[in-house]
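*Asks:* For the sequence shown, the numbering used here begins at 195 and goes up steadily by one.
Beta carbons are placed, not taken as given, at the ideal position from N, Cα and C, and that holds for glycine.
In this text, all values refer to a predicted model and were calculated from it rather than measured experimentally.
Pasting in a structure now, in C-alpha cells, and then I'll have a few things to ask.
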Amino acid sequence: MNKLPDNIKSVQPGGGKCYSIELAWGRLRRWYLKLFCKSYVDKMAALRLGDTEGAPHEILDPRDLKYCCNLCTAHWKPEDDPFRSREDIPFARWGLAELQLMGWPLFWLTVATCFLPGWWKCLAVVPGIILCLIVYFFRDPHREVPDDTDAIVSPADGTIAEITELDHYDFLDGPALRIGIFLSIFNVHINRSPRDAKVVDLNYKPGEFLNAMNPESAIRNEFMWIGFQDDLRPAVRFAVRQISGLIARRIVCALKPGQSVQRGEKFGMIKLGSRTEIVLPRDAVKAEVEIGQKIQAGSTIIARFVD
195 MNKLPDNIKS
205 VQPGGGKCYS
215 IELAWGRLRR
225 WYLKLFCKSY
235 VDKMAALRLG
245 DTEGAPHEIL
255 DPRDLKYCCN
265 LCTAHWKPED
275 DPFRSREDIP
285 FARWGLAELQ
295 LMGWPLFWLT
305 VATCFLPGWW
315 KCLAVVPGII
325 LCLIVYFFRD
335 PHREVPDDTD
345 AIVSPADGTI
355 AEITELDHYD
365 FLDGPALRIG
375 IFLSIFNVHI
385 NRSPRDAKVV
395 DLNYKPGEFL
405 NAMNPESAIR
415 NEFMWIGFQD
425 DLRPAVRFAV
435 RQISGLIARR
445 IVCALKPGQS
455 VQRGEKFGMI
465 KLGSRTEIVL
475 PRDAVKAEVE
485 IGQKIQAGST
495 IIARFVD
C-alpha cells in the first residue's frame, strides 16, 4: 500500500483559522477528560481498535479522529462510538466547527439587532440572511444512490462546466474523458465516491485561489487529486480532483491509499464555491450529461461503462 504524501498531515491539509480553533479545543477537551474523566478514557481505550501510530495527537475517543483518520488505523465499532449520532445531523460533520463559530455570533447579533429602537431593528435582516446562507451551505441532505452496476455517479453537486476528451492521461495510461463540475456557494459541497472502488494514490498541491469559473483555476489553484481502481472492473482506473475556489479555500479529503469506498459514500468536501473534476477512461465510458446540466453528488449518473 502506498503511503500518503509528506504534505498531507490532516484530512484538511490547507489548515485554516476555524481548523486551528477546533484543534485547540481538542487539546483542551483531552486535558479535561484525562484529568476528570479517567474511567471514560480507560473505557474508550479498551474499546478502541486499530493503531494510533501516525496520529498527531492522543486518540481518546472518536472525536479525535475527525481530522486525522487518514493518518492512523485507530477506530471504534459503530456501537461503541458515543458520538455516532452526529452522522445523522443534516449538516456536514467536517463543517460543524465553522457552522458554530460563524453561526452563533450571527444568531445573537440578529437577536440583539431586533431590540434596536425604531427602524434600526430592520438591520437584523443583514446578519439574519448571512446566517441562513451559512446554515444552507453546510447542509448534508440524504441522497438515493442508483444500483445500476454500469453507472458512474457524480462526485459533486453543481453544474457541468466542461466535458473534454484528452488524448492521454498518465494515471489511466490512455485517452480520457474529463468532466468538470462548478460548485457555487449555493450547492451542497460534500464530495462522494463515483463508484465502489479502492484508493490507489493521492496528491495534494497547495496553490492559488482563483475564481473556479476561471479556466486557469484548474491548473493554478490548490487541489487534492485522488486516483481510484474500480472494484467491479479491476483493470479500470479513474480520478477525482477537488479544486479550491475564490471563496472556498479549504479542501477536506478523509481518504488514504488502500482504502475502499462505496458508490455514493461521502469522502470529503470543499468549503464554499469551488470545482470538482472526474477523469474517466474515454473508450470505456459514455457521458450521460451535458454542459450546463445541474447534477447532484451520489445520485446523478454522469456516465456509464460501455461493453
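1. Only counting the same chain, and skipping five residues up and downstream in sequence, which positions put a Cβ closer than 8 Å to that of LYS211?
2. One question on the structure: do ALA370 and LEU360 come within less than 7 Å of each other, judged by their Cβ atoms?
3. So THR470 and ASN385 are in contact, right, with Cβ under 8 Å, and what is the actual spacing, rounded?
4. Mapping the DSSP letters down to three states, classify CYS447 as helix, strand or coil.
5. Around the Cβ of HIS383, are there at least 16 other Cβ atoms within 10 angstroms (buried) or fewer (exposed)?
6. By the 10 Å Cβ neighbour count, where 16 or more other Cβ atoms means buried, how is PHE417 classified, buried or exposed?
7. In its own chain, which residues sit with a C-beta less than 7 Å from the C-beta of PRO335, not counting the 5 before and 5 after it?
8. How would you call PRO475, buried or exposed, if buried means at least 16 neighbouring beta carbons within 10 angstroms?
9. Measuring straight from C-alpha to C-alpha, what distance separates PRO388 and ASP341?
10. Does the Cβ of ILE323 have 16 or more other Cβ atoms within 10 Å, making it buried, or fewer, making it exposed?
11. At the level of alpha carbons, what is the spacing between PRO272 and LYS460?
12. Based on DSSP bridge pairs, tell me the residues matched to PHE499.
13. Does the beta-carbon of ILE485 have 16 or more other beta-carbons within 10 angstroms, so that it is buried, or is it exposed?
14. Am I right that GLY244 and CYS262 are in contact with their C-beta atoms under 8 Å? What's the rounded C-beta distance?
15. Where do the N-terminal and C-terminal ends of the beta strand (DSSP E) with GLU252 fall, by residue?
16. Under the DSSP definition of a beta bridge, which residues are partnered with MET436?
17. My guess is that ALA268 and ALA240 are in contact by the Cβ rule of under 8 Å, so how many angstroms apart are they, rounded?
18. Could you pull out every residue in the same chain whose Cβ sits closer than 7 Å to the Cβ of PHE365, ignoring the five residues on either side in sequence?
19. Taking its Cβ as the centre, do 16 or more other Cβ atoms sit within 10 Å of PRO256, making it buried, or is it exposed?
20. Where does the unbroken beta strand (DSSP E) through ASP274 begin, and where does it stop?
*Replies:* From the atom records:
1. none
2. For ALA370 and LEU360, yes; Cβs fall inside 7 Å.
3. 6 Å
4. strand
5. buried
6. buried
7. PRO284, VAL382
8. Flag for PRO475 reads buried.
9. 12 Å
10. exposed
11. 17 Å
12. VAL479
13. exposed
14. Between CYS262 and GLY244 the Cβ distance is about 12 Å, and since that is not below 8 Å, they are no contact.
15. That residue, GLU252, is in no beta strand (DSSP E); it is neither H nor E in DSSP.
16. Position check: residue 436 holds Gln in this sequence, whereas Met was assumed. For GLN436, which the question treats as bridged, DSSP gives the partners MET418, THR470.
17. No, ALA268 and ALA240 are not in contact; Cβ-Cβ is about 13 Å, not under 8 Å.
18. The residues are GLY421, ARG431, ALA433.
19. buried
20. Here ASP274 belongs to no beta strand (DSSP E), and DSSP marks it neither H nor E.
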